[in-house]
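Student:
Residue numbers (this note's numbering): 57 to 261.
(1) Considering only their Cβ atoms, is the gap separating residue 124 from residue 105 smaller than 8 Å?
(2) Taking the beta carbon of residue 174 as the centre, do at least 16 other beta carbons fall within 10 Å, making it buried, or is it exposed?
(3) How big is the Cα-Cα spacing for residue 88 and residue 102?
(4) Buried or exposed: which applies to residue 74, given that a residue is buried once 16 or more other Cβ atoms fall within 10 Å of its Cβ?
(5) What are the start and end residues of the alpha helix (DSSP H) that includes residue 98?
(6) With C-beta atoms as the reference, is residue 219 less than 8 Å away from residue 230?
(7) By the 10 Å Cβ neighbour count, where 16 or more other Cβ atoms means buried, how is residue 71 classified, buried or exposed?
(8) Let me confirm a value: residue 114 is counted as buried when at least 16 other C-beta atoms fall within 10 Å, else exposed. Which label applies?
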């Protein structure tokens, strides 16, 4: 303002002073905003170079950066090579599918000696005709085997058969001795009473 003297009563002077203060404040704010923008841009660039942010998400200010130029050049080469590549598709033969077109007549005929099978004719014989006994015979005997057939399945000694044919108890005991053998039994006179047996054991101990 040209002087250190401040006149508070001068309206024009105070208005010019207020305008000058606002201009200085606005200029300082613009400088601070610009500095913060530059710092933020540098931070984003560092994140892109470190791989934290993908290259396709890099800010436009990095378009002339060497890393971006190399990336764009590589992408262009890859796109050109992919455009030249050919994808071969496997062709499935048509004869693998069902062909519903009618076949032309071959002119062949069935021989005169051929005999067709009747609709009610059986191709195989029933198994019952190969069995020795019929179903009626089995029902008549109650599905029981003959003694000869039963003897083939269950073996019994001749002595056992004689034992089964015995009619009296004496005959059974006599024949049992032949089958099992003579058993050693203790005579009644040679038995020691229980009291004497306990005394004998006590004296021997």
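Quick reminder that beta carbons are idealized off the backbone N, C-alpha and C, glycines included.
Tutor: Taking the geometry as given:
(1) No, Cβ-Cβ distance for residue 105 and residue 124 is not below 8 Å.
(2) Note on residue 174: under 16 other CB atoms within 10 angstroms of its CB, so exposed under the neighbour-count rule.
(3) Looking at the two C-alpha atoms, the distance is approximately 21 Å.
(4) Flag for residue 74 reads exposed.
(5) Run containing residue 98: 67-106, per the alpha helix (DSSP H) assignment.
(6) No, they are not a contact pair.
(7) Exposure of residue 71 is indicated by the presence of fewer than 16 other C-beta atoms within 10 angstroms of its C-beta.
(8) Flag for residue 114 reads buried.
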